[in-house]
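*Asks:* Heads up, the sequence shown is in this note's numbering, so the first residue is 10 and it goes up one at a time. We treat Cβ as the ideally placed atom computed from N, Cα and C, and that holds for glycine. The structure under discussion is supplied below as structure tokens; questions concerning it will follow.
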Amino acid sequence: MKLWASITVGIAALSVVGAALYVSSLSESLVKRISPNGSFYDARTHYFQRGPFDKKVVCITFDDGPHPTSAKTLLATLKAEHVPATFFVVGSRVKEHPEIVKEMIDEGHAVGNHTQDHIRLDTLPPDKIAKQIEYCETNVERATGHRMGYLRPPGMRFNDSVLKVSTKLGYTIIGWNIGAKDFIAGKPKKPLDQMTVSEAKTVDLTPELVTSRVLKQLKKGTIILLHDNPVTAAALPAIIRQVRAKGFEFVSVQKMMQALPQPVQVASNPVLVAKTSAKMR
Ligand SMILES: [Zn+2]
């Protein structure tokens, strides 16, 4: 995540562990979009990073699924606890497990686009950025009969091209501002994006560690980034219990955007009516 080396989002964000923004003309202007209550939504680029700091609400999001086993566990816990979530799915995995994605929608959760192959979009030319988004979209449409309104670029890596393509295709980008690093334990010996999968597997990551990382960072209006993996699935009951014990309510991304100073209406998964969509023009 070289993105961490980029700019910090203003004074109001200094206390927030969050996705910094990639510096370039369009995205640079995003730093000025923080409202007095701490919420962050940029209407021009349709980029939402966090809700108002004056309400004890949080959103929970799970990236990189659907995973054939942990997604089922996550869904069962969310159902038992009546917690709405957003799953940012990878198109190639949707193709392998379409029934899980259908279940996510049927259970009332939001499903968002996390590209077809989990590729860093800021490394691609505009036509390939569009293909990565559209292929994932097609897989979700086939699996569920629904389209997607949300996009989360892998690694939150984006530049002007990504913002332009995303806006043109009708997406709202959903960022995050609490990351539990639920794919790695301890202090990484080298940057996360330079670590191999086998190196990551050698670290000792427990559900308790994931839970404590979430709880330590918890703030009003936050969007929590977790991953669809077995450790997080094991941690989720404790995360929900402890977040609620602190007086926070879990809300959908849609509801959090409706609570912005200037409410934003974005349908997370509109029903697919026809193949000839605005996105294809
Ligand atoms: Zn991801």
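#1: Any idea if His236 is buried or exposed, counting beta-carbon neighbours within 10 angstroms, 16 or more meaning buried?
#2: Residues in the same chain with beta-carbon distance under 8 Å from Tyr180, minus the five sequence neighbours each way, listed in chain order, please.
#3: Are the segment 167–179 and the segment 127–146 touching, with three or more C-beta to C-beta distances below 8 Å?
#4: On the DSSP letters alone, give me the boundaries of the beta strand (DSSP E) that Leu172 sits inside.
#5: Between the alpha carbons of Ile109 and His118, how many angstroms are there, rounded?
#6: Could you check if Asp72 belongs to the surroundings of ligand 1, using beta carbon to heavy atom distance under 7 Å?
#7: To the nearest angstrom, how far is it from the Cα of Glu217 to the Cα of Val223?
#8: Would you kindly report the start and end of the unbroken alpha helix (DSSP H) that includes Leu245?
#9: Which first and last residues belong to the alpha helix (DSSP H) in which Tyr180 is found?
#10: By Cβ distance, which residues of its chain are closer than 7 Å to Glu112, with the 5 residues on each side in sequence left out?
#11: Can at least three beta-carbon pairs, one atom from the segment 252–271 and one from the segment 58–70, be found at a separation below 8 Å?
#12: Whose C-beta lies closer than 7 Å to the C-beta of Ser33 among residues of the same chain, with five residues either side of it excluded?
#13: For the segment 71–82 and the segment 225–244, state whether three or more C-beta atom pairs, one from each stretch, are separated by less than 8 Å.
#14: My guess is that Ala244 and Thr220 are in contact by the Cβ rule of under 8 Å, so how many angstroms apart are they, rounded?
#15: Quick check: Thr78 and Pro239, are their CB atoms within less than 8 Å of each other?
#16: Taking the Cβ atom as the reference point for each residue, do Ile182 and Pro162 lie within a distance shorter than 8 Å?
#17: Could you give the DSSP three-state label for Ile291: helix, strand or coil?
#18: Exposed or buried, which one is His76 when buried takes at least 16 other CB atoms within 10 Å?
#19: Taking the straight line between their C-alpha atoms, what separation do you get for Phe97 and Val120?
#20: Looking at the secondary structure, which residues open and close the alpha helix (DSSP H) in which Ala152 lies?
#21: How many whole angstroms separate the CB atoms of Gly60 and Ala189, which I take to be in contact at a CB cut-off of 8 Å?
#22: DSSP state of Ala119, grouped into three classes?
#23: Please name the residue, chosen from Ala139, Pro134, Gly100, Ser277, that lies closest to Val149 on a Cα-to-Cα basis.
#24: Should His76 be counted as a contact of ligand 1 given a C-beta to heavy atom distance under 7 Å?
#25: Could you give the DSSP three-state label for Val103: helix, strand or coil?
#26: When the Cα atoms are used, what is the spatial distance from Pro279 to Gly230?
#27: Can you tell me whether Val273 is helix, strand or coil according to DSSP?
#28: Which residues bound the beta strand (DSSP E) around Trp262?
#29: What residue does the beta strand (DSSP E) around Arg59 start on, and which one ends it?
#30: Who are the Cβ neighbours of Lys88 in its own chain at under 8 Å, not counting the five residues just before and after it?
*Replies:* For this structure:
#1: Buried.
#2: His55, Asn122, Ile142, Met157, Gly158, Tyr159, Leu160, listed in sequence order.
#3: Under the 8 Å Cβ criterion, the segment 167–179 counts as touching the segment 127–146, having at least three qualifying pairs.
#4: Per DSSP, Leu172 is not a residue of any beta strand (DSSP E); the alpha helix (DSSP H) it occupies stretches across 169–177.
#5: Rounded to the nearest angstrom, the two C-alpha atoms are 12 Å apart.
#6: Yes - ligand 1 has a heavy atom lying nearer than 7 Å to the Cβ of Asp72.
#7: If you take the alpha carbons of Glu217 and Val223, they lie about 10 Å apart.
#8: Taken as a continuous stretch (DSSP letters only), the alpha helix (DSSP H) holding Leu245 covers 239–254.
#9: Careful: Tyr180 lies outside any alpha helix (DSSP H) and carries neither H nor E.
#10: Cβ within range, chain order: Leu84.
#11: Segment contact: the segment 252–271 against the segment 58–70, three or more CB-CB distances shorter than 8 Å; contact assigned.
#12: Low per-residue confidence applies at Ser33: pLDDT is 49, beneath 50, and the placement is therefore not dependable, though the value from the model is reported in the following sentence. Counting only Cβ-Cβ distances below 7 Å, and skipping sequence neighbours, we find Asn168, Asp169.
#13: Taking a cut-off of 8 Å on C-beta distances, the segment 71–82 touches the segment 225–244, as three or more cross pairs fall below it.
#14: With a Cβ gap of about 5 Å, Ala244 and Thr220 count as contacting.
#15: Taking 8 Å as the cut-off, the Cβ atoms of Thr78 and Pro239 count as close.
#16: The answer is yes: Cβ separation under 8 Å.
#17: Nothing about residue 291 can be read from this structure; the chain reaches only from 10 to 290.
#18: Burial call: buried.
#19: Straight-line Cα distance between these residues: approximately 6 Å.
#20: Taken as a continuous stretch (DSSP letters only), the alpha helix (DSSP H) holding Ala152 covers 135–153.
#21: About 18 Å separates the two Cβ atoms, so there is no contact after all.
#22: In the structure shown, Ala119 sits in a strand (DSSP, three-state: E or B).
#23: Per the Cα distances, Gly100.
#24: Remark: the shortest separation between the CB of His76 and any heavy atom of ligand 1 does not fall under 7 Å.
#25: Residue state for Val103 is assigned as helix, using DSSP reduced to three classes.
#26: Pro279 and Gly230 have their alpha carbons spaced roughly 25 Å apart.
#27: In the three-state scheme derived from DSSP, where H, G and I count as helix and E and B as strand, Val273 is classed as coil.
#28: Looking at the sequence shown, residue 262 is not Trp but Val. Looking at the DSSP string, Val262 is not in any beta strand (DSSP E); the run it does join, the alpha helix (DSSP H), is 262–267.
#29: In the DSSP annotation of this structure, the continuous segment of the beta strand (DSSP E) that includes Arg59 starts and ends at 56–59.
#30: The residues are Glu116.
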